[in-house]
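Engineer: Following the numbering used here, the numbering of the sequence shown begins with 1390 at its first residue and continues without gaps.
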Amino acid sequence: MVGGTRQRPFEVARAQKDSVYWQATAERLPNLAKFLLKLQGPKLADAPGGKAFLSQDEKVMQRGKIVFAENCAKCHSSKQPPPGVAATQQQYKDWMRSEVLKPDFLDNNFLSTEERIPLDVVQTNATRALATNAMKGHVWDNFSSETYKTLPAVGEIEVQDPFDRSTKKFRPPGDGPGYYRVPSLVSIWATAPFLHNNSVGTYSGDPSVAGRMKAYEDATTKLLWPERRPGFDSIARTTVESFIEIPAPYLPSGLQSLAQNGFLRIGPVPAGTPVDLLANADLDLSSPEKAVERVRLVEKISKDLARIRPNHLDSQQATSVLRGLVPDLMKVSKSPDFVIDRGHYFGTQLPDADKRALIEYMKTF
């Protein structure tokens, strides 16, 4: 909310030279690599009692393969047409349908292209894709490629007001943020809930095969029938009246005078406040203009929220005060995207029978 000291890159070369922890870890990497190369995703058919969850209907399984080839394989298969073989969309589908019906299609198939998919295409919650730590000059600069740091900005995405449900457009920045890599579907039967933030599907905590299959059924159903997801109700909100306490030494000089008893205490934040409304604030104070803007914003927030307790405002009145601050907070948000379980609508327009066939086929991954 108030910013802090400017980030500096963690320098790999310096760690390699001076850090015994880095050096000790590096010595173990060859053995770790050997271990990872031995790993293979567990098949449901090989799990205890797993075969009982697999469909024995050959027509359903065949249909599931075709649906996968036509709707999923373009992103979720490492086996792709050789260059020049599938110049048109129809040629691609013909090639992939033929490929997926081969008995060895799943052999040595990572079930992902590992390509970067723009936010405006996948439409999932933007917050993780808009992380800035790996951008040029930031803390993980040395751990991201130049290709990443020069990525173009993605297209506009639609975000929803966390109170009145109205929508507006938001354009993410370029030079890195704005993309998700395609995840592998290997052993997808065992990995629900889905999406990058585990938001689609209910986590049961049951590690048994039956428990994993129950979670898989719930997650795949919500993935392909998005109207069954919580949607707007998935927004993470505070459950009680809360405060943000920032130690005075971390405050920029322009805000030091606002600290009391060693802290800048922002609040009370009413119960029901979207967590990301505060957590996603842009902390970059690299320019004088931004620094002045943040000082004014924090003063306004502190002043408005301070009215809640002395005036004995009830929860509805307190929320009304907060809503007056929403435009200001949205303006400085790195990611004003609050609905957690949205996006990945590929295949959602398929007939129900095709969706069920796809769910059955993916159990074999």
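The C-beta atom is built at its ideal place from N, Cα and C for all residues, glycine as well.
If I follow the unbroken beta strand (DSSP E) through L1653, where does it start and stop?
Structural biologist: Counted from its first residue, the sequence shown places residue 1653 at position 264. 1652-1658 is the extent of the beta strand (DSSP E) around L1653.
Engineer: Please state whether the Cβ-Cβ distance between N1514 and D1726 is less than 9 Å.
Structural biologist: Looking up residue 1514 in the sequence shown gives position 125. Looking up residue 1726 in the sequence shown gives position 337. Yes, the pair counts as a contact, with Cβ atoms nearer than the cut-off.
Engineer: Could you check which residue in S1704, D1622, T1609 has the C-alpha nearest to that of D1743?
Structural biologist: Here residue 1743 refers to the residue found at position 354 of the sequence shown. Taking only the C-alpha atoms, the option nearest D1743 is T1609.
Engineer: What residues in its chain sit with their C-beta under 7 Å from that of K1557, if we drop five residues either side in the sequence?
Structural biologist: For the purposes of this step, residue 1557 is taken as the residue at position 168 of the sequence shown. Within the same chain, K1557 has close Cβ partners V1548.
Engineer: Could you tell me whether the Cβ atoms of F1442 and V1589 are closer together than 9 Å?
Structural biologist: Reading the sequence shown from its first residue, position 53 is the one you call residue 1442. Reading the sequence shown from its first residue, position 200 is the one you call residue 1589. Taking 9 Å as the Cβ cut-off, F1442 and V1589 do not qualify as a contacting pair.
Engineer: Do the region 1711-1728 and the region 1426-1435 touch if we need at least three Cβ pairs shorter than 8 Å?
Structural biologist: Too few Cβ pairs lie closer than 8 Å, so no.
Engineer: Does DSSP classify P1663 as helix, strand or coil?
Structural biologist: Start at 1 with the first residue of the sequence shown, and residue 1663 comes out as number 274. Strand, per DSSP.
Engineer: Once DSSP output is grouped into helix, strand and coil, what is the label at E1547?
Structural biologist: For the purposes of this step, residue 1547 is taken as the residue at position 158 of the sequence shown. In this structure, E1547 counts as strand in the three-state DSSP scheme.
Engineer: Determine the closest residue to T1516 out of T1539, P1562, D1493, with distance taken between C-alpha atoms.
Structural biologist: By one-based count along the sequence shown, residue 1516 stands at place 127. When each option's Cα is compared against that of T1516, the closest is P1562.
Engineer: How would you write the range of the alpha helix (DSSP H) that R1397 sits in, first residue to last?
Structural biologist: As a first step, residue 1397 must be located in the sequence shown, where it is residue number 8. It is not in any alpha helix (DSSP H) - R1397 carries neither H nor E in the DSSP assignment.
Engineer: Is C1461 near I1506, with beta carbons less than 9 Å apart?
Structural biologist: Position 72 of the sequence shown, counting from 1, holds the residue named residue 1461. Position 117 of the sequence shown, counting from 1, holds the residue named residue 1506. It is not a contact, given that the beta carbons lie outside the stated cut-off.
Engineer: Beta-carbon within less than 7 Å of G1651's beta-carbon, same chain only, minus the 5 sequence neighbours each way: which residues are those?
Structural biologist: Numbered from 1 along the sequence shown, position 262 holds the residue referred to as residue 1651. The residues are P1636, A1637.
Engineer: What is the rounded straight-line gap between the Cα of H1527 and the Cα of W1578?
Structural biologist: Translated into positions along the sequence shown, residue 1527 becomes position 138. Translated into positions along the sequence shown, residue 1578 becomes position 189. C-alpha separation (whole angstroms): 37 Å.
Engineer: So what does DSSP say about Y1410, is it helix, strand or coil?
Structural biologist: In the sequence shown, residue 1410 corresponds to position 21, counting from 1. Y1410: helix per DSSP, three-state reduction.
Engineer: Can you give me the C-alpha to C-alpha distance between A1680 and V1511, rounded to a whole angstrom?
Structural biologist: Your numbering for residue 1680 matches position 291 in the sequence shown. Your numbering for residue 1511 matches position 122 in the sequence shown. Approximately 34 Å, taken between the alpha carbons.
Engineer: Per DSSP, what are the beta-bridge partners of F1559 in this structure?
Structural biologist: Within the sequence shown, numbered from 1, the residue matching residue 1559 stands at position 170. Per DSSP, I1546.
Engineer: Give me whichever residues DSSP pairs with R1626 in a beta bridge.
Structural biologist: Start at 1 with the first residue of the sequence shown, and residue 1626 comes out as number 237. Note: R1626 sits in a beta bridge opposite P1663.
Engineer: Can you tell which of T1737, V1543, Q1405, L1495 has its C-alpha closest to the C-alpha of N1531?
Structural biologist: As a first step, residue 1531 must be located in the sequence shown, where it is residue number 142. That would be Q1405, whose Cα lies nearest to the Cα of N1531.
Engineer: When you compare each of E1616, R1554, D1496, K1538 to Y1734 by their alpha carbons, which one comes out closest?
Structural biologist: As a first step, residue 1734 must be located in the sequence shown, where it is residue number 345. Residue E1616 is the option with its Cα nearest to Y1734.
Engineer: Would you mind working out which of F1494, E1545, L1425, Y1568 sits nearest E1504, comparing C-alpha positions?
Structural biologist: Mapped onto the sequence shown, residue 1504 falls at position 115. Ranking F1494, E1545, L1425, Y1568 by Cα distance to E1504 puts Y1568 first.
Engineer: In the DSSP assignment, find the unbroken beta strand (DSSP E) run with R1505 in it and report its ends.
Structural biologist: Counting from 1 along the sequence shown, the entry for residue 1505 is found at position 116. Residues 1505-1507.
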